[in-house]
């Protein structure tokens, strides 16, 4: 087994602020993902990384940067927080980028922008 | 790419009855369709999946059907229990999707009344 850890659990920011969210996994998985979860909009992919040193844009990458520092960690940066923004950011990982590989999700970071 | 529609957004059922959630997708070459369950305050977890070479799959009170002609797949929860109250997300993997990228539906909130 393994675990995905996301920090911080809660993040409160100011409009225009640059905010960084961190994700660590000890599954030794190759592929990692960042999703944004909004009520009524499901899970939308922001960035993903197929292997260490790889970075791919998802459907919602505008306004975000990401960095795969090493195999076990993947961070996401909100480049300029939007006023009144509220969302949950979920990190996930899968053993490989191949078909049918299950994605395991972390507990999430809840963002509130004042 | 891929687009996934999921209905209904809220489903209220009596304990012991069945619950059905329907999803449609756009790309006829999509080949993998997982379902995730997210309990309140928890991260999404894979509960069942189906590949495009199958029409039906069943496990522990869950049935998934896939109709490739109609580009539709559905989850059926038989004999619902209070523990089945949760958000359910369907997803589809589009063809040539690097990194096992999934497109999720907006989710269905299932409420099981005792």
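Protein chains in written order, with this note's numbering: chain Y, 1 to 114; chain P, 1 to 114.
Yeah, the Cβ is synthetic: ideal placement off N, Cα and C, and Gly gets one too.
No experiment lies behind these values; they were computed from the predicted model shown.
Would you mind telling me which residues of chain Y sit closer than 9 Å to residue i, beta carbon to beta carbon, in chain order?
i                     : result
residue 69 of chain P : Correct list: empty, because the minimum Cβ distance to chain Y is about 22 Å.
residue 89 of chain P : 42 and 43
residue 93 of chain P : 99 and 100
residue 51 of chain P : 99 and 100
Return the first residue and the last residue of the beta strand (DSSP E) that residue i is part of.
i                      : result
residue 76 of chain Y  : 73-78
residue 70 of chain Y  : 64-70
residue 73 of chain P  : 72-77
residue 60 of chain P  : Counting along the chain, residue 60 of chain P falls outside any beta strand (DSSP E), and DSSP gives it neither H nor E.
residue 89 of chain P  : 86-93
residue 42 of chain P  : Where residue 42 of chain P is concerned, there is no enclosing beta strand (DSSP E), given that its DSSP letter is neither H nor E.
residue 4 of chain Y   : 4-7
residue 22 of chain P  : 19-25
residue 10 of chain P  : 10-14
residue 35 of chain Y  : 31-38
residue 94 of chain Y  : 86-94
residue 42 of chain Y  : 42-49
residue 104 of chain P : 102-104
Cβ closer than 9 Å: which chain P residues qualify as neighbours of residue i?
i                     : result
residue 40 of chain Y : 9, 106 and 107
residue 90 of chain Y : 43 and 44
Chain Y partners of residue i, CB-CB under 7 Å?
i                     : result
residue 40 of chain P : By Cβ distance, chain Y contributes nothing, its closest Cβ being about 12 Å from residue 40 of chain P, past 7 Å.
residue 32 of chain P : 99 and 100
Look at residue i and residue j and say whether their C-beta atoms are less than 7 Å apart.
i                      : j                      : result
residue 60 of chain Y  : residue 104 of chain P : no
residue 64 of chain P  : residue 77 of chain P  : no
residue 22 of chain Y  : residue 106 of chain P : no
residue 44 of chain P  : residue 91 of chain P  : no
residue 49 of chain Y  : residue 74 of chain Y  : yes
residue 97 of chain Y  : residue 100 of chain P : yes
residue 109 of chain P : residue 21 of chain P  : no
residue 6 of chain P   : residue 26 of chain P  : no
residue 92 of chain Y  : residue 33 of chain Y  : yes
Which chain Y residues sit within Cβ distance under 8 Å of residue i?
i                      : result
residue 100 of chain P : 31, 94, 96, 97, 98, 99, 100, 101 and 103
Please look up how many angstroms separate the CB atoms of residue i and residue j, rounded, as I've assumed it's under 8 Å.
i                     : j                     : result
residue 75 of chain P : residue 62 of chain P : 7 Å
residue 53 of chain Y : residue 68 of chain Y : 7 Å
residue 28 of chain P : residue 80 of chain P : With 8 Å as the limit, residue 28 of chain P and residue 80 of chain P do not qualify as a contact, their Cβ atoms being about 32 Å apart.
Closest to residue i by CA distance: which of the options is it?
i                      : options                     : result
residue 71 of chain P  : P/57, P/52 and P/60         : P/52
residue 89 of chain P  : P/37, P/25, P/3 and P/100   : P/37
residue 87 of chain P  : P/40, P/101 and P/114       : P/40
residue 13 of chain Y  : Y/55, Y/104, Y/100 and Y/80 : Y/80
residue 51 of chain Y  : Y/30, Y/102 and Y/105       : Y/30
residue 98 of chain P  : Y/57, Y/6, Y/66 and Y/107   : Y/57
residue 25 of chain Y  : Y/5, Y/86, Y/111 and Y/99   : Y/5
residue 112 of chain P : P/1, P/50 and P/83          : P/83
For residue i, go through chain P and note every residue whose CB falls closer than 7 Å to its CB, in chain order.
i                     : result
residue 56 of chain Y : 98 and 99
Mind pulling the chain P residues with CB within less than 8 Å of residue i?
i                      : result
residue 107 of chain Y : 42 and 43
residue 50 of chain Y  : 98 and 99
For the ligand ATP, is there a heavy atom less than 6 Å away from the beta-carbon of residue i?
i                     : result
residue 26 of chain P : The ligand ATP is absent from the structure shown, which contains no ligand whatsoever.
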